[in-house]
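Take a look at the structure below.
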Amino acid sequence: MLKIANESSEVVEEFRHTLSEFNYNAKEVQRISGTTENKIFAILIKIDHTLLKATALESILKREEIVPPPFSDHNSCRMDKLYHNDGVFW
30 MLKIANESSE VVEEFRHTLS EFNYNAKEVQ RISGTTENKI FAILIKIDHT LLKATALESI
90 LKREEIVPPP FSDHNSCRMD KLYHNDGVFW
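The number in the numbering used here is simply the position in the sequence shown, starting from 1, with 29 added.
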């Protein structure tokens, strides 16, 4: 009976250790994915800003008005929509 109790205790301890490792790894994945999400968000904003500048420059060089305008004020640009909607365009 003592042998079974000792073996059970070892199995329980191994299981506890495995769960502890799993918990640590899950938290690490969560941290990394949050960092990655922030980096992707910043990259999207940079790309969108670059496209806006390229469109403006093309409009200036061709001396043509952009129709429709990309935005009417600072609250309706795509970057603001991204910021206020967790990175989701409408």
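Virtual Cβ for every residue (Gly too), placed ideally from N, Cα, C.
Here the structure is a predicted model, which is why all the values come from computation and not from measurement.
#1: Taking the alpha-carbon positions, what's the I72 to I33 distance?
#2: Quick check on the DSSP output: the alpha helix (DSSP H) that includes I74 runs from which residue to which?
#3: Taking Cβ positions, are M108 and I74 nearer each other than 8 Å?
#4: Just the C-alpha distance for S49 and T64, rounded to the nearest angstrom, thanks.
#5: How big is the Cα-Cα spacing for L86 and N67?
#6: Nearest-angstrom Cα distance between E36 and M30?
Looking at the atomic coordinates:
#1: Numbered from its first residue, the sequence shown carries residue 72 at position 43. Numbered from its first residue, the sequence shown carries residue 33 at position 4. So the alpha carbons of these two residues sit roughly 58 Å apart.
#2: For the purposes of this step, residue 74 is taken as residue 45 along the sequence shown, with counting starting at 1. Run containing I74: 31-91, per the alpha helix (DSSP H) assignment.
#3: Walking along the sequence shown from the start, residue 108 turns up at place 79. Walking along the sequence shown from the start, residue 74 turns up at place 45. It is a contact, given that the beta carbons lie within the stated cut-off.
#4: Numbered from its first residue, the sequence shown carries residue 49 at position 20. Numbered from its first residue, the sequence shown carries residue 64 at position 35. If you draw a straight line from the Cα of S49 to the Cα of T64, it is about 23 Å long.
#5: Within the sequence shown, residue 86 is the residue found at index 57, counting from 1. Within the sequence shown, residue 67 is the residue found at index 38, counting from 1. In a straight line, the C-alpha of L86 is about 29 Å away from that of N67.
#6: Residue mapping note: residue 36 aligns to position 7 of the sequence shown, counting from 1. Residue mapping note: residue 30 aligns to position 1 of the sequence shown, counting from 1. E36 and M30: Cα-Cα distance of roughly 10 Å.
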